[in-house]
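So the protein sequences, as listed, match chains A and B. For the first sequence, our numbering assigns the number 795 to the initial residue and increments by one for each residue that follows. For the second sequence, our numbering assigns the number 109 to the initial residue and increments by one for each residue that follows. Every residue, glycine too, gets a C-beta built ideally from N, C-alpha and C. Just so we're clear, the structure is a prediction, and the values are computed from it rather than from any experiment. See below for the structure under consideration.
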Amino acid sequence: MSDEFQQATGGDRRAMARLLSKIENGSVAISELPLKPFLSDTQTWSTMAITGAPGVGKSVLVDALMTQWASAGRKVALLAVDPSSPRTGGALLGDRVRMSSVDNPEINQRVYVRSIATRSSSGSVPLIVEDMATLLLACGWEHVLIETVGSGQAELRCAAVADRIVVVEGPARGDGIQAEKAGLLELADIVLVNKADLDGAERHAGELRESYSLGGEDAPVVLLTSGLKGLGVAEAAEALLSLESSGRALRARMRERLLGQHERRLVLHPSYNAVLNGLCEGTLDIEEALNTLQGD
Amino acid sequence: MEQPLRIVVAKPGLDGHDRGAKVVARVLRDAGHEVIYTGLRRTSQQIVDAVRDEDARFLGLSSLSGAHSHLFPQVCTKLVEAGLHDVIVFGGGIIPDEDRPALYDVGIRAVFGPGTPTSEILDFIQQAAAKDDAGVGQSSDWRWESSA
């Protein structure tokens, strides 16, 4: 095991990819690895969640940002999460289709992309990605981006796994009232209104800024980008690198960690599948199911 | 709990027809596997990089352009060069019978033509996954006899 870790930290991408699988599968615990602290003094964060509704352009924008950073000599890894089928457990992981940075031989030594399925976890990101990100950082990747499943207003699990939260919005995402609603937007450290080449982006950015201005001083910055056309990407890449945490997410982060770990414990319980079957067949009620899973 | 298999489905070369690859990807997904689709027109090197970085156990190559006899062996050679000799490779598309022996010779374990029942591909995956020497650069002379 420590051989594989040596190889992975020594730059062997295959060894690293395998070790990531072992962490994901639970056959290796991150606590078993001889990790050292890694945040260099030139960076303010190491993990960043990129979240937002399906189809707002997260993957294309992330690809544009990675190209920007890798071209400037930084090493950037991406953990791209897509949903597993709730029926079969299978998944079609398609984020790679939109990634040109991994195929660009000029920079792809400094870009790593790994597709991840949510598997048995609920929410837009499985908690295990935090451990996977830790391994990547130990292997010398300076920044780890976590692209969540496309998710809506109240999906906050990403707060549990990342130092910073970027919310990606699109143009014409409802009227000003949508911007007023509580939820994910409150936890954002920055908001990128993507597809800025389309009508309605500017107006939506205005609505968001107005909404934030009602909340007082420490409002997150709202920037316009187009991942596809490259508009505003250099500016966004710059702003993200020096992004400070708003601090608003601390309590939410702890809550999501607690709930997420609790859920993980239930899901990994040896009787989990038997209990689900029992619930389907009507031989167990929810109370009995919980009692079974919360025991040892 | 049994872990899902990670399978890269790729289309090498100048070939814009991905219906078949998408059908196979969907069948594998519905069988509970994790399928990483690379998209169209990939070079062999890009495919090998994806297999390495995604830690895939299987690679499915699809070609309808007629260039399979050039592209498939190129991918297999690069896999072995990259130390990925234990990855199991299968192919599909418009691949005439007379072209197939050369593909088996470079370590491809199955070639599926049009009309193959999707269940057959799943049977292949299951049998191949149970072997520990069916990788592209490994010693086994086992291969799947496909029905089409």
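Chain B within 9 Å of residue i, Cβ atoms only
{"i": "residue 896(A)", "result": "yes"}
{"i": "residue 1006(A)", "result": "no"}
{"i": "residue 1065(A)", "result": "no"}
{"i": "residue 913(A)", "result": "yes"}
{"i": "residue 819(A)", "result": "yes"}
{"i": "residue 1085(A)", "result": "no"}
{"i": "residue 902(A)", "result": "yes"}
{"i": "residue 1071(A)", "result": "no"}
{"i": "residue 899(A)", "result": "yes"}
{"i": "residue 1000(A)", "result": "no"}
Neighbourhood of residue i by C-beta, 8 Å cutoff - its chain only, sequence neighbours within 5 removed
{"i": "residue 199(B)", "result": "168, 169, 170, 171, 176, 180, 211, 216, 218, 219 and 220"}
{"i": "residue 910(A)", "result": "818, 873, 874, 875, 876, 887, 920, 923 and 926"}
{"i": "residue 928(A)", "result": "824 and 829"}
{"i": "residue 235(B)", "result": "252"}
Interface partners of residue i on chain A, CB under 9 Å
{"i": "residue 136(B)", "result": "884 and 886"}
{"i": "residue 234(B)", "result": "Neighbours of residue 234(B) on chain A: none; closest Cβ ~14 Å, over 9 Å."}
9 Å Cβ cutoff, residue i in contact with chain A
{"i": "residue 222(B)", "result": "no"}
{"i": "residue 162(B)", "result": "yes"}
{"i": "residue 133(B)", "result": "yes"}
{"i": "residue 182(B)", "result": "no"}
{"i": "residue 246(B)", "result": "no"}
{"i": "residue 112(B)", "result": "yes"}
Own chain partners of residue i with C-beta closer than 7 Å, once the 5 adjacent residues on each side are dropped
{"i": "residue 1086(A)", "result": "1065 and 1069"}
{"i": "residue 858(A)", "result": "1021, 1024 and 1027"}
{"i": "residue 998(A)", "result": "963, 965, 966, 967 and 987"}
{"i": "residue 246(B)", "result": "193 and 194"}
{"i": "residue 951(A)", "result": "917, 918, 919, 1050 and 1054"}
Cut-off 6 Å between Cβ atoms - residues of its own chain near residue i, not counting five sequence neighbours on either side
{"i": "residue 214(B)", "result": "181 and 184"}
{"i": "residue 125(B)", "result": "172"}
{"i": "residue 1083(A)", "result": "1069 and 1073"}
{"i": "residue 223(B)", "result": "256"}
{"i": "residue 944(A)", "result": "847 and 848"}
{"i": "residue 904(A)", "result": "864 and 869"}
{"i": "residue 878(A)", "result": "885, 911, 912 and 913"}
{"i": "residue 930(A)", "result": "871 and 938"}
{"i": "residue 860(A)", "result": "870, 895 and 905"}
Partners in chain B for residue i, counting only beta-carbon separations shorter than 9 Å
{"i": "residue 814(A)", "result": "163"}
{"i": "residue 745(A)", "result": "No statement about residue 745(A) is possible, as the shown extent of chain A runs from 795 to 1090 and does not include it."}
{"i": "residue 843(A)", "result": "Going along chain B, no residue has its Cβ under 9 Å from residue 843(A), so there is no contact; the nearest lies around 21 Å."}
Chain A residues whose Cβ lies nearer than 8 Å to that of residue i
{"i": "residue 192(B)", "result": "808"}
Spatial distance of residue i from residue j (CA atoms)
{"i": "residue 1040(A)", "j": "residue 993(A)", "result": "30 Å"}
{"i": "residue 942(A)", "j": "residue 953(A)", "result": "11 Å"}
{"i": "residue 826(A)", "j": "residue 799(A)", "result": "10 Å"}
{"i": "residue 227(B)", "j": "residue 178(B)", "result": "28 Å"}
{"i": "residue 901(A)", "j": "residue 161(B)", "result": "15 Å"}
{"i": "residue 151(B)", "j": "residue 187(B)", "result": "13 Å"}
{"i": "residue 1076(A)", "j": "residue 1067(A)", "result": "14 Å"}
{"i": "residue 202(B)", "j": "residue 174(B)", "result": "7 Å"}
{"i": "residue 1032(A)", "j": "residue 189(B)", "result": "38 Å"}
{"i": "residue 812(A)", "j": "residue 932(A)", "result": "15 Å"}
{"i": "residue 1018(A)", "j": "residue 893(A)", "result": "21 Å"}
{"i": "residue 114(B)", "j": "residue 166(B)", "result": "7 Å"}
{"i": "residue 143(B)", "j": "residue 149(B)", "result": "18 Å"}
{"i": "residue 871(A)", "j": "residue 1078(A)", "result": "44 Å"}
{"i": "residue 891(A)", "j": "residue 254(B)", "result": "29 Å"}
{"i": "residue 1036(A)", "j": "residue 958(A)", "result": "11 Å"}
{"i": "residue 815(A)", "j": "residue 844(A)", "result": "22 Å"}
{"i": "residue 131(B)", "j": "residue 137(B)", "result": "10 Å"}
{"i": "residue 1088(A)", "j": "residue 249(B)", "result": "49 Å"}
{"i": "residue 1010(A)", "j": "residue 802(A)", "result": "46 Å"}
{"i": "residue 840(A)", "j": "residue 936(A)", "result": "6 Å"}
{"i": "residue 985(A)", "j": "residue 908(A)", "result": "24 Å"}
{"i": "residue 133(B)", "j": "residue 239(B)", "result": "22 Å"}
{"i": "residue 862(A)", "j": "residue 853(A)", "result": "14 Å"}
{"i": "residue 1058(A)", "j": "residue 209(B)", "result": "48 Å"}
Chain B residues whose Cβ lies nearer than 7 Å to that of residue i
{"i": "residue 907(A)", "result": "161"}
Contacts of residue i in chain B (Cβ-Cβ under 8 Å)
{"i": "residue 811(A)", "result": "160, 161, 162 and 163"}
Compile a chain-ordered list of the residues in the segment 881-892 of chain A whose CB is closer than 7 Å to at least one CB of chain E.
Absent from the structure: chain E. Protein chains present are A and B.
Going along the chain, which residues of the segment 137-157 of chain B sit with their C-beta nearer than 9 Å to a C-beta in chain A?
137, 138, 139, 140, 141, 142, 143, 144, 145, 146, 147, 148, 150, 151, 153, 154 and 157
Closer than 9 Å, Cβ to any Cβ of chain B: which residues of the segment 975-997 of chain A, in chain order?
none
Check distances from the C-beta atoms of the segment 845-878 of chain A to those of chain B and list, in chain order, the residues that come in under 7 Å.
none
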